[in-house]
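Residue numbering for the sequence shown follows UniProt numbering, beginning at 1 and increasing consecutively. First the structure, in the form of structure tokens, and then the observations on it.
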Amino acid sequence: MAADPRAVLTRPAPPPDVTVAYGGHPDQIADLRRPAGRPGSPRPLVIVIHGGFWRSEYDRGHTGPLAADLATRGYPVAQLEYRRTGAPGGGWPGTLDDVRAGVAALPALVSGALPGATTDDPPILLGHSAGGHLALHAAATAPSRVGGVLALAPVADLAEAYRLDLDGGAVAALLGGGPAEVPDRYAVADPYSSVPNSTRTVIVHGVRDEQVPIMLSRAYVTANRAAGAETTLIELPDCEHFGLIDPTSMAWPTVTKALESLHSDH
């Protein structure tokens, strides 16, 4: 019997080296991991933005295995937490505000908390699912603060995700309604509305993904490329939704290679 791909969501990981706050709310924090010493050029800070359809039932804990693996590869890593729907301050606009604030604050916080971790270059945002949406949003709104985006099965088209009713109304819970009800919010929050996104972006998406259909990434990348932006889509034929964040999965080498591509030629 095949292993449950969701097992990564509850798999234990080594504790972070330190937790820092980028705001006054208990959820405005990030877990930091010190990079393992590796020969070669220093690697950029990776800010990991977790998924879970923006809901409070899911937190940064399930990105522990991923973050720990990246730290062993020489990356300083910050697992960003943010206010989520179903809890005070989550949804519109708090969830998006938090991610933008965290991305802005973390390079300096990491530099102070992890001596030796290089934060000279803008960080790479690695986001999964709803976190992929938040990474694309943060890059679109403040491109100078972001060195690249690695979006894993991102919710890259909020209007279409609303029409598909992904995760039983998750987009409506985030933004407070549908595109016809709160069009101004979709104009700000939807990556598809922010094309072209000038930040170097790689999207990895499994063809067998049942949580976030790959059609959302295909449409976003097509629109972004047509507008002249540098965007790459890597489709994994045998991958579902959770293998992308599992360091033991067959998909993981593709993810780490994609991350490498975002900074190796800088």
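Note that beta-carbon positions come from the ideal geometry of N, C-alpha and C, so glycine has one too.
**Study point:** Every unbroken beta strand (DSSP E) within the region 28-61, with a cutoff of 3 residues, ordered by chain
**Key:** Here the runs fully enclosed are 29-33, 46-49.
Exercise for review: Spatial neighbours of residue 162 within its chain, please: CB distance less than 7 Å, with the 5 preceding and 5 following residues excluded, ordered by chain position.
Suggested key: Here the question's residue 162 lines up with position 162 in the sequence shown. For residue 162, same chain residues with a beta-carbon under 7 Å away, outside a window of 5 residues either side, are 171, 172, 178, 179 in chain order.
Check your understanding: What residue does the alpha helix (DSSP H) around residue 255 start on, and which one ends it?
Key -> As a first step, residue 255 is located in the sequence shown; it is residue number 255 there, counting from the start. Note, residue 255: alpha helix (DSSP H), 252-263.
Review point. DSSP on residue 1, reduced to helix/strand/coil?
Key: In the sequence shown, counting from the first residue as 1, residue 1 sits at position 1. Reliability fails at residue 1, whose pLDDT of 46 lies under 50, so the model's placement of it is uncertain and no value is given.
Exercise for review: Could you name the residues of the same chain whose beta carbon sits closer than 6 Å to that of residue 121, not counting the 5 residues immediately before and after it, in chain order?
Suggested key: As a working mapping, residue 121 is identified with position 121 in the sequence shown. Closer than 6 Å at Cβ, skipping near neighbours: 44, 147.
Exercise for review: Specify, as a first and last residue, the run of the beta strand (DSSP E) that residue 18 falls within.
Suggested key: Position 18 of the sequence shown, counting from 1, holds the residue named residue 18. Where residue 18 is concerned, the enclosing beta strand (DSSP E) starts and stops at 18-21.
Check your understanding: Would you say the region 108-119 touches the region 81-94, given that touching needs at least three Cβ pairs under 8 Å?
Key -> With a cut-off of 8 Å, the region 81-94 and the region 108-119 do not count as touching, because too few Cβ pairs lie within range.
Point to revise | Local Cβ density within 10 Å of residue 1, reported as buried at 16 or more and exposed below that | key: Working through the sequence shown from its first residue, we reach residue 1 at position 1. Confidence is the limiting factor: at residue 1 the pLDDT is only 46, short of 50, which leaves the residue's position unreliable, though a coordinate-based value still follows. With fewer than 16 Cβ atoms within 10 Å of its Cβ, residue 1 is classed as exposed.
Exercise for review: Give me the Cβ distance between residue 102 and residue 30, rounded to the nearest whole Å; I'm assuming they're in contact under 8 Å.
Suggested key: Looking up residue 102 in the sequence shown gives position 102. Looking up residue 30 in the sequence shown gives position 30. At roughly 6 Å, the Cβ-Cβ gap stays under 8 Å, so residue 102 and residue 30 are in contact.
Review point. Is the distance from the Cβ of residue 202 to the Cβ of residue 261 below 8 Å?
Key: Looking up residue 202 in the sequence shown gives position 202. Looking up residue 261 in the sequence shown gives position 261. Cβ distance < 8 Å, so residue 202 and residue 261 count as in contact.
Check your understanding: Based on Cα-Cα distance, which residue from 195, 198, 214 lies nearest to residue 204?
Key -> One-based indexing of the sequence shown puts residue 204 at position 204. Considering only 195, 198, 214, the residue with the shortest C-alpha distance to residue 204 is 214.
Check your understanding: Just checking, does the region 218-227 make contact with the region 187-202 on the three C-beta pairs under 8 Å criterion?
Key -> The region 218-227, when compared against the region 187-202, does touch it at the 8 Å Cβ threshold.
Practice item. May I have the straight-line CA-CA distance separating residue 9 from residue 246, to the nearest angstrom? Key: As a working note, residue 9 is residue 9 in the sequence shown. As a working note, residue 246 is residue 246 in the sequence shown. Residue 9 and residue 246 have their C-alpha atoms some 9 Å from each other.
Review point. So, helix, strand or coil for residue 78, using DSSP?
Key: On the sequence shown, position 78 is the one that residue 78 refers to. For residue 78, the secondary structure class from DSSP, reduced to helix, strand or coil, is strand.
**Study point:** Proximity below 8 Å, CB of residue 51 to CB of residue 130
**Key:** Start at 1 with the first residue of the sequence shown, and residue 51 comes out as number 51. Start at 1 with the first residue of the sequence shown, and residue 130 comes out as number 130. The answer is yes: Cβ separation under 8 Å.
Point to revise | Residue interval of the alpha helix (DSSP H) (run including residue 160) | key: Start at 1 with the first residue of the sequence shown, and residue 160 comes out as number 160. Membership of residue 160 in the alpha helix (DSSP H) is indicated by the continuous run 158-164.
Practice item. Quick one: which unbroken alpha helix (DSSP H) runs of 4-plus residues sit fully inside the region 124-179? Chain order, please. Key: Counting only runs of 4 or more, we get 130-141, 158-164, 170-175.
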